[in-house]
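Listed in order, the protein sequences are those of chains H and U. Residue numbers for the first sequence follow our numbering, so the first one is 1 and each next one is one higher. Residue numbers for the second sequence follow our numbering, so the first one is 112 and each next one is one higher. Heads up, the beta-carbon is just placed ideally off N, CA and C, and yes, glycines get one too.
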Amino acid sequence: GESVGLHLPTLSVQEGDNSIINCAYSNSASDYFIWYKQESGKGPQFIIDIRSNMDKRQGQRVTVLLNKTVKHLSLQIAATQPGDSAVYFCAAPMGNTPLVFGKGTRLSVIA
Amino acid sequence: GAVVSQHPSWVICKSGTSVKIECRSLDFQATTMFWYRQFPKQSLMLMATSNEGSKATYEQGVEKDKFLINHASLTLSTLTVTSAHPEDSSFYICGGHAGLREQYFGPGTRLTVT
């Protein structure tokens with residue numbers, strides 16, 4: 001069935017290092033993909049999105065890479081800070097569902 | 112980004128009672144609003160999609176008579192959990208968008224049914 005999944009449930013990174021969070025998807029018909037950050041007890045916060053006709057998009061300290069050949073999406077966070085500690089979800093529209101969320105990766109930043 | 116509020120942020124109710132959760136888009140008109148449920152350490156699961164002035168579309172497995180959704184205006188949607196049971200205890204999150212790609216989410220409502 002259709003799914004959006006993440007490779008690892010947890011990721012620990014030293015403060016100042018770069019973080020890479022991965023996501024695999026099954027539906028190649030999705031027009032766009034979105035990364036959300038969710039802090040404990042809060043709703044998801046939009047980070048960055050990428051259209052399916054792009055392979056890279058950069059924001060402030062974040063870069064999203066899309067590899068349609070292998071149906072893989074990644075979020076790179078440069079110079080990871082303690083405030084980046086959260087659960088990160090990739091999400092994409094699939095079929096009739098406006099957004100399907102992946103399982104999430106918990107990023108822990110070690111000071 | 113756009114701001115979505117939810118009220119209450121947390122609520123405790125007794126089994127068998129009903130609880131209403133409000134979702135408001137504060138600085139944009141949300142033509143479509145979404146309600147999600149999130150259990151601990153799990154992802155968000157879409158419950159239903161509602162368009163202003165029309166009936167909500169529920170996802171498979173979500174009881175429409177138990178989770179009543181009203182989207183009376185472009186800035187307000189409500190979710191009423193009727194005859195709540197302990198298994199309904201969860202984190203309920205609403206999202207809205209105004210025709211753009213990204214959804215903006217509320218801060219969530221933690222429901223505990225005792």
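8 Å Cβ shell around residue i - same chain, five flanking residues per side excluded
i	result
glutamate 174 (chain U)	none
glycine 1 (chain H)	Because glycine 1 (chain H) sits at a pLDDT of 39, beneath the cut-off of 50, its placement in the model cannot be relied upon, and the following sentence gives the value as read from the coordinates. Excluding sequence neighbours, glycine 1 (chain H) sits near Ser26.
isoleucine 110 (chain H)	Ser12, Val13, Gln14, Glu15
serine 120 (chain U)	Pro218, Gly219, Thr220, Arg221
leucine 157 (chain U)	Phe145, Trp146, Tyr147, Glu170
glutamine 227 (chain U)	There is simply no residue 227 (chain U) to check, as chain U begins at 112 and stops at 225 in what is shown.
lysine 68 (chain H)	Ser28, Ser52, Asp55
arginine 61 (chain H)	Ile77, Ala78, Ala79
isoleucine 132 (chain U)	Gln117, His118, Pro119, Val122, Thr189, Leu190, Thr191, Val192, Tyr203, Cys205, Thr220, Leu222
glutamine 38 (chain H)	Pro44, Gln45, Ala86, Val87, Tyr88, Phe89, Gly104
Residue i - containing beta strand (DSSP E), residue span
i	result
methionine 94 (chain H)	86-94
glycine 207 (chain U)	201-208
phenylalanine 145 (chain U)	143-149
aspartate 49 (chain H)	45-51
glutamate 133 (chain U)	130-136
phenylalanine 178 (chain U)	178-184
proline 98 (chain H)	97-101
glutamine 140 (chain U)	It is not in any beta strand (DSSP E) - glutamine 140 (chain U) carries neither H nor E in the DSSP assignment.
leucine 187 (chain U)	187-192
threonine 10 (chain H)	10-14
Chain-ordered neighbours of residue i on chain H, where CB pairs are closer than 9 Å
i	result
isoleucine 123 (chain U)	What isoleucine 123 (chain U) touches in chain H: nothing, since even the nearest Cβ is about 15 Å away.
phenylalanine 145 (chain U)	Pro98, Leu99
leucine 157 (chain U)	Thr97, Pro98, Leu99, Val100, Phe101
Partners in chain H for residue i, counting only beta-carbon separations shorter than 7 Å
i	result
proline 119 (chain U)	Chain H residues near proline 119 (chain U): none, gap ~13 Å exceeds 7 Å.
glutamate 213 (chain U)	Ile34, Phe46, Asp49
isoleucine 204 (chain U)	Gly43
threonine 142 (chain U)	Going along chain H, no residue has its Cβ under 7 Å from threonine 142 (chain U), so there is no contact; the nearest lies around 12 Å.
Cβ neighbours of residue i in the same chain (closer than 7 Å, five flanking residues each side left out)
i	result
aspartate 17 (chain H)	Thr80
phenylalanine 30 (chain H)	The question names phenylalanine, yet the displayed sequence has serine at residue 30 (chain H). So the list reads Ser52, Ala92, Pro93, Met94, once near-sequence residues are dropped.
isoleucine 20 (chain H)	Ser74, Gln76
serine 184 (chain U)	Glu163
aspartate 82 (chain H)	The sequence shown places proline at residue 82 (chain H), not aspartate. Closer than 7 Å at the Cβ level, and outside the excluded window around proline 82 (chain H), lie Glu15, Val109, Ala111.
Rounded distance between the beta-carbons of residue j and residue i, thought under 8 Å
i	j	result
isoleucine 48 (chain H)	glycine 41 (chain H)	No, isoleucine 48 (chain H) and glycine 41 (chain H) are not in contact; Cβ-Cβ is about 23 Å, not under 8 Å.
tyrosine 102 (chain H)	serine 154 (chain U)	The sequence as given places glycine at residue 102 (chain H); tyrosine does not occur at that position. Indeed, because the Cβ distance is near 6 Å, the residues count as touching under 8 Å.
leucine 73 (chain H)	phenylalanine 33 (chain H)	5 Å
threonine 10 (chain H)	threonine 105 (chain H)	7 Å
tyrosine 88 (chain H)	leucine 99 (chain H)	That belief does not hold up - the Cβ atoms of tyrosine 88 (chain H) and leucine 99 (chain H) are roughly 15 Å apart, past 8 Å.
glycine 192 (chain U)	valine 115 (chain U)	As written in the sequence, residue 192 (chain U) is valine, which differs from the glycine given in the question. About 19 Å; that fails the 8 Å criterion.
proline 44 (chain H)	phenylalanine 216 (chain U)	5 Å
Within chain U, the residues that residue i reaches when beta carbons sit closer than 8 Å
i	result
lysine 42 (chain H)	Pro218, Gly219
Beta carbon proximity, residue i to chain A, threshold 8 Å
i	result
leucine 99 (chain H)	This model lacks chain A altogether; the protein chains it does include are H and U.
Own chain residues within Cβ distance below 6 Å of residue i, not counting five before or after
i	result
phenylalanine 202 (chain U)	Gln149, Gly219, Arg221
alanine 167 (chain U)	Ala159, Ser161, Ile180
lysine 56 (chain H)	Leu65
threonine 63 (chain H)	Gln76
Cross-chain neighbours of residue i in chain U, by beta carbon under 7 Å
i	result
glycine 104 (chain H)	Ser154
Residues that residue i contacts on chain H, provided the C-beta gap is smaller than 8 Å
i	result
threonine 191 (chain U)	The contacting residues do not exist; threonine 191 (chain U) stays about 20 Å from chain H at best.
threonine 160 (chain U)	Pro98
Can you confirm whether the stretch 119-128 of chain U touches the stretch 218-225 of chain U when touching is taken to mean that 3 or more C-beta pairs between the two stretches lie within less than 8 Å?
yes
Do three or more CB pairs link the stretch 132-152 of chain U to the stretch 182-198 of chain U at distances below 8 Å?
yes
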